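One structure is given here, and the rest of the page talks about it.
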Amino acid sequence: MKKNTYKSSGVDIDAGNQIVNDIKLLARRTKRTGEVNKLGDFASIFDLKNAGYKDPLIVSSTDGVGTKLLIASELDKYDTIGIDLVAMCVNDLIVQGADPLFFLDYIAIGKLDKRKILSIMKGIVKGC
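Using the numbering used here, read the sequence shown as starting at 486 and increasing by one per residue.
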């Protein structure tokens, strides 16, 4: 009987970990005052007092790129959707009078493609 593994089912943990390490290198460029924990954790800590805020209100936003993903796929150009994603989230925050403090990302992809993922991440970093 053949042994089932993550890798045989299409999940390459080592490749995923390598992509996460590459993302960490890109994301370091966006570090700002108030960040507490290291990149790669499953949650983030932001110290509002250390960032200079007194009696702050928290405003949050999430968005997606929608059908722009179809255009990116057709053109095989993915950095622009990263930029667009940040822009849409930031726009939703600033119309409420809020300062964008941090950006949490989530990339859902059917098959790991390092080139596409890092291109998206480069766009997110540029957008930040």
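Positions of the beta carbon are idealized from the N, C-alpha and C atoms, including for glycine. Please read these numbers as outputs of a predicted model, since none were measured by experiment.
For residue i, the three-state DSSP class (helix, strand or coil)
i, result
"residue 596", "coil"
"residue 610", "helix"
"residue 586", "coil"
"residue 487", "coil"
Burial state of residue i (16 or more Cβ within 10 Å)
i, result
"residue 526", "exposed"
"residue 495", "exposed"
"residue 590", "exposed"
With contact counted as at least three CB pairs below 8 angstroms, one residue from each stretch, are the region 571 to 579 and the region 538 to 549 in contact? In short, these stretches touch, since the Cβ pair count reaches three.
Unbroken stretches of the alpha helix (DSSP H), 4 residues or longer, contained in the region 497 to 576: Correct list: 498 to 512 and 553 to 560.
Tell me, please, whether the region 565 to 573 touches the region 528 to 535 by the rule of three or more beta-carbon pairs shorter than 8 angstroms. In short, these stretches do not touch, since the Cβ pair count stays below three.
When the Cβ atoms of the region 507 to 524 are set against those of the region 557 to 565, are three or more pairs found closer than 8 angstroms? Under the Cβ criterion (8 angstroms, minimum of three pairs), the region 507 to 524 does not count as touching the region 557 to 565.
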